[in-house]
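Enquirer: Under the UniProt record's numbering, residues 1 to 411 are what the sequence shown spells out, in order. C-beta: ideal position from N, C-alpha, C; glycine also.
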Amino acid sequence: MISRKLSRNVTAIILTLALWLGALPIGAQQSSVQQQAQTDQAKPQEVAQPSPSKQTGGQSAGAQQGASDKASGEDRKAASATEAQKQRPLSKNEDPRLVGKRNINTGIFAKMSGSLEKEVALGRQLAAEVDREAKFIDDPVITEYINRVGQNLVLHSDAKVPFTIKVIDSDEVNAFALPGGFFYVNKGLILAADNEAELAGVMAHEIAHVAARHTMEQLAKARLAEIGLIAGIFLGIPPIAYDAANLGLGLGFLKFSRSAEEEADRLGAQYLWAAGYDPNALATMFEKLAAKEKKKPGTISRLFSTHPPSVERLQATRELVARFPEREEYILDTSEFQRVKARLMRLSNARVSTAGDIGDKEGSGRPTLKRRPPTTDDSNQNEKKEEQKNEPPKLKRRAPDPNAQNQPDQR
1 MISRKLSRNV
11 TAIILTLALW
21 LGALPIGAQQ
31 SSVQQQAQTD
41 QAKPQEVAQP
51 SPSKQTGGQS
61 AGAQQGASDK
71 ASGEDRKAAS
81 ATEAQKQRPL
91 SKNEDPRLVG
101 KRNINTGIFA
111 KMSGSLEKEV
121 ALGRQLAAEV
131 DREAKFIDDP
141 VITEYINRVG
151 QNLVLHSDAK
161 VPFTIKVIDS
171 DEVNAFALPG
181 GFFYVNKGLI
191 LAADNEAELA
201 GVMAHEIAHV
211 AARHTMEQLA
221 KARLAEIGLI
231 AGIFLGIPPI
241 AYDAANLGLG
251 LGFLKFSRSA
261 EEEADRLGAQ
271 YLWAAGYDPN
281 ALATMFEKLA
291 AKEKKKPGTI
301 SRLFSTHPPS
311 VERLQATREL
321 VARFPEREEY
331 ILDTSEFQRV
341 KARLMRLSNA
351 RVSTAGDIGD
361 KEGSGRPTLK
371 RRPPTTDDSN
381 QNEKKEEQKN
391 EPPKLKRRAP
401 DPNAQNQPDQ
411 R
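1) For the beta strand (DSSP E) holding K166, just list the boundary residues, first then last.
2) If we count Cβ pairs, one from each stretch, closer than 8 Å, do we get three or more for the region 129-148 versus the region 335-344?
3) Short check: CB of V154 to CB of I104, under 7 Å?
4) Per DSSP, what kind of secondary structure is F182 in: helix, strand or coil?
5) If D265 sits next to T215, beta carbons under 8 Å apart, how far is it from one beta carbon to the other, in whole angstroms?
6) Starting from the C-beta of A110, find all residues in its chain whose C-beta is less than 7 Å away, skip the five residues before and the five after it, and write them out in chain order.
7) If you run the structure through DSSP and keep just helix, strand and coil, what is F136?
8) Kindly list the residues whose CB is nearer than 6 Å to the CB of Q270, restricted to its own chain and excluding five residues on each side of it in sequence; keep chain order.
9) To the nearest angstrom, how far is it from the Cα of G181 to the Cα of E119?
10) Does Y330 come out as helix, strand or coil in the three-state DSSP assignment?
11) Taking the alpha carbon of L178 as the point to measure from, which residue in K101, V210, Y330, L191 has its own alpha carbon closest?
12) Which of the three DSSP states is assigned to A212 in this structure?
13) Quick check: the Cα distance between I165 and Q151, rounded to an integer number of angstroms?
14) On the criterion of 16 or more Cβ atoms from any shown chain inside 10 Å, does G73 qualify as buried, or is it exposed?
15) Count the other CB atoms, across all protein chains shown, that sit within 10 Å of the CB of I108; report buried if there are 16 or more and exposed otherwise.
16) How would you label S113, buried or exposed, when you count the other beta carbons within 10 angstroms and need 16 or more for buried?
17) Let me confirm a value: M285 is counted as buried when at least 16 other C-beta atoms fall within 10 Å, else exposed. Which label applies?
18) Pull up the distance between the alpha-carbon of S31 and that of S91, whole angstroms please.
19) State buried or exposed for P309, treating a residue as buried only when at least 16 other CB atoms are found within 10 Å of its CB.
20) Which of helix, strand or coil does DSSP assign to A222?
21) For V141, which of helix, strand or coil comes out of DSSP?
22) For G22, count neighbouring Cβ atoms within 10 angstroms of its own Cβ and tell me buried if that reaches 16, exposed if not.
23) Helix, strand or coil for V120? Go by DSSP, reduced to three states.
24) Enumerate in chain order the residues of its own chain whose CB-to-CB distance from E281 is below 6 Å, with the five nearest sequence positions on each side excluded.
25) So what's residue 467 in DSSP terms, helix, strand or just coil?
26) Have a look at R351 and A128 and give me their C-alpha separation to the nearest angstrom.
27) Is V185 buried or exposed, if buried means 16 or more other CB atoms sit within 10 Å of its CB?
28) Which value, in whole angstroms, describes the spacing of the CA atoms of L189 and I168?
29) Among D194, V173, V340, E94, which has the Cα closest to the Cα of S157?
30) Excluding the five sequence neighbours on either side, which residues of its own chain have a C-beta within less than 7 Å of the C-beta of L273, listed in chain order?
31) May I ask you to report which of helix, strand or coil DSSP gives F256?
32) According to DSSP, simplified to helix, strand and coil, what is V99?
33) Rounded to whole angstroms, what's the CA-CA distance from S348 to F163? Just pull it up for me.
34) Can you give me the start and stop residues for the alpha helix (DSSP H) that M112 sits inside?
35) Residue range of the alpha helix (DSSP H) that F324 falls in?
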């Protein structure tokens, strides 16, 4: 305490001499004044110690401030990471400007997938099975519109096979593309979409599966697995292992792998951009379908929902779209889509109404009448009615009118 008072007095004396002699610059004066002010502020802090409660409050406030600074720092890091992600250059398989000018079928399984002729032949066989089982929409306005939207996407894709597109008369939300370009869109998917871009997003995703030849790659993996099974026979693997492997092989054809779905997401978003649609519509539609399935399970086809879009997939798609070159405008919706959707709803309602009329004609909609069980009185009445039927008809004379006898003769 004494040393601090002494230093303060010495500082005051030096300051006075400096001002009197004019030897110190203004900056030194300011620093000395600041130092003295800091010294004066330190003195009451030493004399008057705050209470423990005030110290605790100060510590909590400091902790909150530290947490806030930490959170803001993390936000800044995330924002900088997002900005860096946006500025990252697009690779060959991510750039929508290279659609149709690149080869996306690379890798060992792509080389084992066989020729395009074999792919089309396989798809034709599978399509024949679908055509025998499914019921199709034959309205020319609807089929022409869906075919035109799909063919425009195919034109702006990496597909190397022609596409045949049909509309299935099913309320199930689904769309699937067979190898070789045989593409089927359910009525339920058209009605579930709110605009043309959302419908095109799902169609672009399915077209991407064909363009990337995912089914053919799965067949190549299956053949490789069969080779492994045959080798296992010579290696003495127990028979139960063969059954388990065959079971896994069969279930593998019911769905695409996660990597295949992620690739279809990336390619589908690029096809939307190349065709002029809003590429964000792909993630928006998948997010909507996932919410619909969660709210009402069974709405979406089992095959269509085997790999539902996860949060990571949706986020990855949106991050990729954010790196796409900007366009002045995107196609989100058209009046033609809304007209086709309304026409499809009218046709569906008309068919339901017609089915109800047919049911009425066949008697299925009539009330069911239940006959009362007969009683003894009913049997006696029936016998009397039978006796009356067997007797010849009887003529009864009309009873004379008493009023007619009392009336005077008016002749």
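Expert: Reading from the atomic positions:
1) Going by DSSP, K166 is part of the beta strand (DSSP E) stretching over 164-168.
2) They touch, by the three-pair rule.
3) No.
4) Three-state result, F182: strand.
5) The pair is not a contact, with the Cβ atoms about 17 Å apart (cut-off 8 Å).
6) If we look at A110 and ignore the five residues flanking it on each side, its Cβ neighbours are R213, E217.
7) If DSSP states are grouped into helix, strand and coil, F136 belongs with the strands.
8) Hits under 6 Å: P96, V99.
9) Whole-angstrom Cα-Cα distance: 9 Å.
10) Note: Y330 maps to coil in three-state DSSP.
11) The option with the nearest alpha carbon to L178 is V210.
12) Reduced to three states, the DSSP call for A212 is coil.
13) Taking the straight line from one Cα to the other gives about 8 Å.
14) So G73 counts as exposed.
15) Around the beta carbon of I108, fewer than 16 other beta carbons lie within 10 angstroms, which makes this residue exposed.
16) A residue is called buried once 16 or more other Cβ atoms fall within 10 Å of its Cβ, and S113 is buried on that count.
17) Classified as buried, M285 has 16 or more neighbouring CB atoms from the shown chains inside 10 Å of its CB.
18) Caution is warranted here: a pLDDT of 47 is assigned to S31, below 50, making its placement in the model unreliable, and no coordinate value can be reported.
19) Note on P309: 16 or more other CB atoms within 10 angstroms of its CB, so buried under the neighbour-count rule.
20) Correct three-state label for A222: helix.
21) In the three-state reduction of the DSSP assignment, V141 falls in the helix class.
22) Bear in mind that a pLDDT of 48 at G22, under 50, signals an unreliable position, so the number given afterwards is only what the model happens to contain. Its Cβ having fewer than 16 others within 10 Å, G22 is exposed.
23) Residue state, collapsed to three classes: helix.
24) The question names Glu, but residue 281 is Ala in the sequence shown. In its chain, beyond the 5 residues on either side, A197, E198, G201 have a beta carbon closer than 6 Å to the beta carbon of A281.
25) This structure cannot speak to residue 467, because the chain is shown only from 1 to 411.
26) A direct Cα-Cα distance of roughly 26 Å separates R351 from A128.
27) By the 10 Å Cβ count, V185 comes out buried.
28) Straight-line Cα distance between these residues: approximately 10 Å.
29) With distances taken between Cα atoms, S157 lies closest to E94.
30) Correcting the residue type first, residue 273 is Trp in the shown sequence and not Leu. Apart from sequence neighbours up to five positions away, the residues of its chain that approach W273 with a beta-carbon distance below 7 Å are P96, P279, F324, ordered along the chain.
31) Three-state result, F256: coil.
32) Look at V99 here: in three-state DSSP terms it is coil, with no helix or strand label.
33) Taking the straight line joining both Cα atoms gives about 27 Å.
34) Segment: none, M112 is in no alpha helix (DSSP H) and carries neither H nor E.
35) Per DSSP, F324 lies in no alpha helix (DSSP H) segment and is marked neither H nor E.
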